[in-house]
Amino acid sequence: MGERQRDTAEGGESVGGFYAKAILEPIYRQAQEQLLAPMNAVNKAHLIMLAEQGVIGDDGARAVAAALLGLDLEKLGTNRYTGRFEDLFFEVEHELAEAAGEAAGNLHLARSRNDMGIAVYRIALREKLLRTLDAGLELRRRLTEFAGKHVGTVMLGYTHTQQAQPTTMAHYALAVSDSLARDFRRLRAAYANCNRSSMGAAALTGSGFAIDRFRVAELLGFGGVIDNTYDAVSGADYVAEAASAASLAAVNLGRFVQELLLWSTQEFAAIRAADPFVQISSIMPQKRNPVSIEHARSLLSSCAGDAATVSTMIHNTPFGDIVDTEDDLQPYAWRSLRTLETVYRLLARIIATLEVNERALRSRAEASFATATELADTLVRREGVTFRAAHGIVSRLVRAAAAEGLTVRELTPERLNAASEAEIGRTVRLTADELAEALDPAHFVAVRKLRGGPSPSEAERALREQEERWDNEEAWLEREKELQSGRAADLDAILTAWLQPRG
């Protein structure tokens with residue numbers, strides 16, 4: 455069963471030879487690399503359940519258990535594709551039959567390649583999701599550590615690519631970290647939906663045998679079963695969800711990476727990547743090219759592209775057996791997650807060693823008119839004018855200063871009063887010290903104590919809460935990794951116990 459026909463066409467070429475070479479052989483190699491261990495686990499779990507349910511007898515179960523434990527996985531994982539078997543599943547089935555004899559034929563009771571294939575793919579995908587989640591946590595940890603060092607690093611924030619208002623490097627980094635936390639939650643949700651067992655659905659209607667779907671799910675470390683057996687073999691949204699979560703994470707992170715590149719320019723002079731992450735020019739001795747960040751940017755684009763391919767391939771696929779389509783589309787999801795994981799880990803190392811030009815950032819903030827909002831707010835508080843009137847006064851002041859080529863440090867109460875007279879018909883009472891305070895970037899930051907703002911006290915609160923969330927998520931991730939990593943040993947322990955002499 456599963457052996458391919460060897461009919462020969464005119465001219466000596468094997469019938470379907472090109473199909474085998476172009477399609478079946480790559481799928482076979484892919485299964486060797488990615489699916490052999492999950493396939494072996496599914497075989498073991500299904501056998502254990504069949505025996506526990508009394509669907510197969512003890513002697514047959516022990517014979518198949520011995521065959522499963524004796525499989526040469528290294529050989530199966532390195533065999534050359536010969537075309538004798540349609541795919542790796544049938545080759546493994548053949549090896550089991552050779553070792554266990556007729557008893558191996560009952561291993562396929564109450565299952566199909568449909569439910570088995572989906573389970574195998576879900577196991578493979580959940581492992582990749584766990585690695586990506588782990589890498590995402592690593593980057594968030596480095597970002598929060600970075601933020602903790604820069605609670606007092608005043609810098610300009612930008613809107614519409616223009617200087618907007620003073621903030622801090624910590625405030626910015628915490629914003630990026632919050633975005634990463636949402637990406638983590640989306641990837642974790644994708645993991646939860648992926649981590650459901652299709653086993654027991656068989657081809658699509660289940661089985662008339664008294665099997666226990668929940669027991670197989672438990673043995674394989676799944677969080678539950680896909681309730682409807684038709685949905686179990688037809689639903690492809692679990693892989694699309696994982697790809698979509700990866701795509702959005704790549705888009706979000708790409709925006710941050712783009713700013714890192716901007717900040718690395720000599721004109722901006724905000725950050726400096728450590729030597730291991732830059733390359734020199736072959737002709738220009740002065741160059742420090744931040745190529746690691748450039749690679750991160752392009753890799754994130756490829757991550758989003760691979761993820762988009764997954765959705766495109768699923769689109770208009772009939773709502774039925776999806777296994778054969780998954781052979782082609784799963785690698786795109788895997789590559790998308792692997793790329794995201796790689797960039798997460800790369801950026802974590804870049805951030806951990808990043809130098810910040812605090813003096814330049816503060817000087818730029820102090821020389822700008824970005825504190826104008828606080829001056830308008832101060833007029834509202836001190837003078838009782840409406841914000842719209844205060845906005846008009848300060849706008850007129852800034853326009854006049856710009857026209858005369860004045861810096862923010864050259865603004866005086868007299869100039870403010872001239873703007874006020876022209877705007878509202880009267881002067882205001884701000885002293886030189888009060889005006890200087892209203893225009894000070896550090897003061898601007900300090901008074902913005904509302905939740906989520908940039909003030910040092912609020913940044914410290916946000917850091918504590920982010921670290922607490924990080925600790926909780928890491929604890930969940932470690933539990934899940936431990937659960938999955940121990941399943942193979944648990945299955946082997948059950949089968950090995952069956953083979954012990956009975957006293």
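According to this note's numbering, the sequence shown is numbered sequentially starting from 455.
Cβ coordinates follow ideal geometry from the N, Cα and C atoms, glycine included.
Reduced DSSP secondary structure (H/G/I, E/B, other) of residue i
i	result
A824	coil
L563	coil
S688	helix
G611	strand
V679	strand
Q740	coil
S651	strand
E888	helix
V496	helix
E721	coil
F841	helix
L953	coil
F638	helix
Q733	strand
F663	coil
F539	strand
I776	coil
E932	helix
R835	helix
K603	helix
E858	coil
G906	coil
T586	helix
I488	Here residue 488 turns out to be Gln, not Ile, going by the sequence shown. Helix, per DSSP.
V882	coil
Contacts around residue i, its chain only, beta-carbon distance under 6 Å, and the 5 residues preceding and following it disregarded
i	result
A697	A761, V764, A787, S790
Y798	A589, G590, L593
L628	A601, A916
G611	A618, Q619, T621
I577	P492
A814	A723
R923	none
E837	V882
R460	Note that R460 scores 49 on pLDDT, short of 50, meaning its location in the model is unreliable and no value can be drawn from it.
F841	V834
E464	Note on E464: pLDDT 44, under 50, position unreliable in the model; the coordinate value appears next. Within the same chain, E464 has no close Cβ partners at all.
R585	E795
R941	G675
M455	At M455, the pLDDT of 42 sits below 50, so the modelled position is not reliable; the number obtained from the coordinates is stated separately. Cβ within range, chain order: n/a, list empty.
8 Å CB neighbourhood of residue i in its chain, flanking five on each side removed
i	result
V732	R742, N743, P744, V745, S746
F847	Phe is not the amino acid found at residue 847; the sequence shown has Ile there. These residues qualify, in order along the chain: A830, L833, V839, L870, A873, S874, E877, I878, V882.
I446	An answer regarding residue 446 cannot be provided, because it is not within the stretch 455 to 957 covered by the chain.
R728	Looking at the sequence provided, one finds Ala at residue 728 rather than Arg. Result list for A728: I804, T807, L808, E809, in chain order.
L937	G675
G906	E912, A916
Contact set for residue i: own chain, Cβ-Cβ below 7 Å, skip 5 residues either direction
i	result
L702	D637, R640
I481	D541, D781
G531	Q486, L490
A896	V608
L800	S746, A750
H625	P908, A913
L889	L865, P867, L870
L583	L641, A644, Y645, C648, A696, L791
N706	S633, D637
8 Å Cβ cutoff met for residue i and residue j
i	j	result
V687	H500	no
L860	T796	no
A521	A558	yes
G689	R751	no
L658	V496	no
A704	L783	no
Q507	I665	yes
W952	A519	yes
D569	M653	yes
R580	F543	no
Range covered by the beta strand (DSSP E) that runs through residue i
i	result
Q617	616-622
V546	Not the beta strand (DSSP E): V546 falls in the alpha helix (DSSP H), residues 542-554.
Endpoints, alpha helix (DSSP H) assigned at residue i
i	result
T766	745-768
T532	527-532
I477	Neither: I477 is in no alpha helix (DSSP H) and is coded neither H nor E.
S874	867-878
H897	895-900
L522	512-523
Beta-ladder partner(s) of residue i, from DSSP
i	result
E809	R726
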